[in-house]
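Here numbering that gives the first Met the number 0 is used: the sequence shown runs in plain steps of one and ends on residue 523.
Glycine included, C-beta positions come from ideal geometry on N, C-alpha and C.
Quick caveat, the model's predicted, so the values are computed rather than measured.
What follows is a set of notes on a single structure, which appears directly below.
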Amino acid sequence: MARHFLGLDCSTQSLSACIIDLDGGQVVHRDAVHYSSLPAYGTRNGVLPHDDDTRVVHAPPLLWVEALDLLLDRLSHTWGDLFSILAISGSAQQHGSVYLGAAAKDALRGLDAGSGLASSLKAALSRPTAPTWMDSSTTVQCAELERDMGGALAMAQATGSRAYERFTAAQIRRFHQTDPEAYAQTLHVALVSSFLASVLSGEVAPLDHCDGSGTNLMDIGARRWHAGAVSSTAPDLARRLPELAPPWTVIGPLAPYFEQRHGFNAGSQSVIWSGDNPCSVVGLGLLEPGAAAISLGTSDTYFGIMKECRVDPHGEGHVFASPAGDYMTLICFHNGSLAREAIRDAHGLDWAGFSAALRATPPGNHGRLMLPYLVPEIVPRVPRPGVVRRGFDEHDRDASCRALVEAQMMSMRLHSHWMGARPHRIIATGGASRNLDILQIMADVHGCPVHQHKSQDSAALGAALRAAHAHLLHRGEAVSWAQLTSPFTNQGATDREVRPDPMAEKTYDELLPQYAELEKAATH
Ligand code: XUL
């Protein structure tokens, strides 16, 4: 019988699934539920509008669990054989936190197949909404946390990153400060990943080391909660945090709910979840230093593998535990797809029109530059949004499209210096990696070939591969990451490689210092 594994990805705007056949070495099914198909939750692009303070960006956890029921329903119709799935794992948007009260343990144990996940779990939450990675309302709390830890660099050395607004510590601290009663009612603080793993397991689940690295609360070297960071964040936080565990942990069997409602095998295993960026590392087969990956999603991320822990002295990048056991570096840019969509829409274009605009303008855009801070930016730190244009105005359609993509790529090159040697190859993933005109600018700015990954859902694929890896280890079988991932991630006939154009490369080498100057003037 074929050995099937399911990977889920709870991202900002959708929940997706990827089923792999381990022996056939291929993805056998994919499906997704977009949160806009659940309008009763009132989200826009997956998050709740908060018009009086746009820095506050939350999402309702019940939306994610209802999407899970919907997706599994769909899978059992479109694919059928959920009984053959040996293990499930997942990938989730990082940093976001879910607050569970006294009723949580019983609610998780008693998930009711008749009424569904959302109604079974309603009473479990001590806070109806979860702050997400897009939230930037905690600048004050970040300053307080860094002060308590002895400064930004000390925080980065201890936890892998300086204090960031979207990281879980600052979010928990703000929750405690603004609603101490609800904090007191909270027995468990979960991350999005460990919350959904808890639902699948029917018990409060551990958090994996990789997603733990996105909290500012984990000792990045020792991979355990950092006592100083935990105690300065909020009172009695230590007993509220989940256990930390390696990313290959089998939590246990799936909760009976999933057999009763969706037809899974009672013996099917629930494997610890991780963050979407760590899962992408696996899904892209990026297990050794040298290459870098760029994920063009709601956020754009730039990441790579590092053997030993070396933090960014400027504090812009992060060091996370990697799913294969060593370290990964990551830089996250908030103005990713949402910025590309906003510029596309402002000029009444579709993606074909956006691409045509890129092709109608030369590399370097005749020196026209943009700083595209349509929403607060994470790197560089820009708390108040605002777009800066040099040499053109907002009505110039073609110049705007090119200036945006060039800015995104130049910013990545500029802010990834600290990672050491420049990559010899970039793997591109995420929705916008379909667009070869964007990838050409990526190759030209970075001066190396860009490999277009054959699927855009590397996070869900990575989760499925992690499920397989944990399952095999649990059975005592030796597994090598390279062997496991290569049939799924090797370049095949359908993949494309975009090579840099030497003339364009030179243009960007010359333009980069000008971009850096403009950025410096606007952000200092
Ligand atoms: C990474 C980050 C984002 C989210 C998006 O630090 O904040 O990439 O993980 O889902």
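Tell me which residues share the same chain as residue i and place their Cβ nearer than 6 Å to its Cβ, disregarding the 5 neighbours each side in the sequence.
i: A102; result: A122 and A123
i: L71; result: H261
i: C331; result: S298, T300 and I377
i: V203; result: H187 and S197
If you draw a straight line from the alpha carbon of residue i to that of residue j, how long is it in whole angstroms?
i: A106; j: C308; result: 40 Å
i: A492; j: I426; result: The predicted model places A492 with a pLDDT of 48, which falls under 50 and marks its position as unreliable, so this point remains unresolved.
i: T522; j: P501; result: 31 Å
i: A525; j: L435; result: In the structure as shown, the chain begins at 0 and stops at 523. Residue 525 is therefore absent and cannot be evaluated.
i: I258; j: P384; result: Ile is not the amino acid found at residue 258; the sequence shown has Glu there. Near 47 Å, if we compare the C-alpha coordinates of P384 and E258.
i: A503; j: Y514; result: 16 Å
i: I524; j: A431; result: The displayed coordinates of the chain run from 0 to 523. Any statement about residue 524 would go beyond what the structure contains.
i: D344; j: W350; result: 10 Å
i: H470; j: G266; result: 12 Å
i: F195; j: A520; result: Looking at the sequence itself, residue 195 is Leu, so the reference to Phe does not match. Those two C-alpha atoms are separated by around 43 Å.
i: S36; j: V27; result: 24 Å
i: V64; j: E516; result: 46 Å
i: L61; j: A117; result: 5 Å
i: P512; j: P379; result: 15 Å
i: T137; j: V381; result: 13 Å
i: H445; j: S10; result: 27 Å
i: Y507; j: G100; result: 53 Å
i: H527; j: G475; result: The chain is shown only over 0 to 523; residue 527 falls outside these bounds and no answer can be derived.
i: P288; j: T177; result: 43 Å
i: M369; j: H346; result: 16 Å
i: L286; j: P179; result: 43 Å
i: V538; j: L144; result: In this structure the chain extends from 0 to 523, so residue 538 is not present and cannot be described.
i: D235; j: P241; result: 13 Å
i: L75; j: E393; result: Leu is not the amino acid found at residue 75; the sequence shown has Ser there. Rounded to the nearest angstrom, the two C-alpha atoms are 48 Å apart.
i: Q439; j: A341; result: 21 Å
i: S193; j: R388; result: 42 Å
i: S457; j: N334; result: 20 Å
i: H473; j: S479; result: 14 Å
i: R29; j: P486; result: 17 Å
i: I293; j: L329; result: 10 Å
i: D20; j: L295; result: 27 Å
i: A323; j: A481; result: 10 Å
i: A16; j: D134; result: 26 Å
Which residues in the same chain have their Cβ closer than 7 Å to the Cβ of residue i, if we skip the five residues on either side of it in sequence?
i: R424; result: A290, C447, P448 and H450
i: A466; result: F4, L5, G6, A86, I87, S88 and V270
i: A398; result: T360, N364, R367 and F391
i: R433; result: Q455
i: V310; result: A155, Q156, G159 and V318
i: D93; result: Position check: residue 93 holds Gln in this sequence, whereas Asp was assumed. For Q93, where only same-chain residues beyond five positions count, the Cβ hits under 7 Å are W132, D210, G213, G274, D275 and N276.
i: R498; result: A442 and P448
i: A228; result: M148, A157, T158, A168, N215 and L216
i: Q12; result: H33, Y34, N44, G45 and T297
i: S125; result: Y98, L99, G100, A181, Q184 and T185
i: S83; result: M0, A1 and H3
i: Q140; result: A169, R172 and R173
Note down, in chain order, each residue of its chain lying with its Cβ closer than 8 Å to the Cβ of residue i, except the 5 sequence neighbours on either side.
i: L337; result: N44, T297, L373 and V374
i: M563; result: With the chain represented from 0 up to 523, any question about residue 563 goes unanswered, as that position is not in the structure.
i: V198; result: V64, L67, L107, L110, L116, L120 and A254
i: D22; result: A1 and R2
i: H49; result: V55, V56 and H57
i: H225; result: A157, T158, L216, M217 and D218
i: D51; result: none
Query - Runs of alpha helix (DSSP H) wholly within the stretch 52-100 (minimum 4 residues, chain order) - result: 60-77
Report task. Could you pull out every unbroken alpha helix (DSSP H) segment of at least 4 residues lying fully inside the stretch 272-340, listed in chain order? Result -> 275-282
Report task. Take every Cβ of the stretch 342-360, pair it with every Cβ of the stretch 412-422, and state whether three or more of those distances are shorter than 8 Å. Result -> no
Query - Around the ligand XUL, Cβ to any heavy atom closer than 7 Å, ordered along the chain - result: S10, T11, Q92, Q93, H94, W132, R165, G213, G274, D275, N276, G296, T297, S298, T300, H317, L329 and C331
Query raised in the report: Just checking, does the stretch 277-286 make contact with the stretch 456-463 on the three C-beta pairs under 8 Å criterion?
Result: Three or more Cβ pairs drawn from the stretch 277-286 and the stretch 456-463 lie within less than 8 Å of each other, which places the two stretches in contact.
**Report entry** alpha helix (DSSP H) runs contained entirely in the stretch 92-147, provided each spans 4 or more residues
**Finding:** 103-108 and 116-120
**Report entry** Touching by the beta-carbon criterion (3+ pairs, under 8 Å), the stretch 153-161 and the stretch 216-231
**Finding:** yes
Report task. May I have a chain-ordered list of the beta strand (DSSP E) segments no shorter than 3 residues that lie completely inside the stretch 22-46? Result -> 25-33
Report task. State whether the stretch 139-154 contacts the stretch 315-323, with contact taken as three or more CB pairs (one from each stretch) at a distance under 8 Å. Result -> No: fewer than three Cβ pairs fall under 8 Å.
Query raised in the report: Could you give the uninterrupted runs of the beta strand (DSSP E) lying entirely in the stretch 429-480, keeping only those of 3 residues or more?
Result: 449-451
Query raised in the report: Between the stretch 200-210 and the stretch 245-254, do at least 3 Cβ pairs fall closer than 8 Å?
Result: yes
Query raised in the report: Are three or more beta carbon pairs between the stretch 168-175 and the stretch 39-58 nearer than 8 Å?
Result: no
Query - Inter-stretch contact at 8 Å, needing at least 3 Cβ pairs: the stretch 160-167 / the stretch 127-146 - result: Yes, the stretch 160-167 touches the stretch 127-146.
Query raised in the report: If you scan the stretch 140-184 from start to end, which runs of the alpha helix (DSSP H) of 4 or more residues do you find wholly inside it?
Result: 151-158, 167-177 and 179-183
Report task. Just list the beta strand (DSSP E) runs in the stretch 344-396, keeping only unbroken ones of 3 residues or longer that don't cross its boundaries, in chain order. Result -> 368-372 and 385-389
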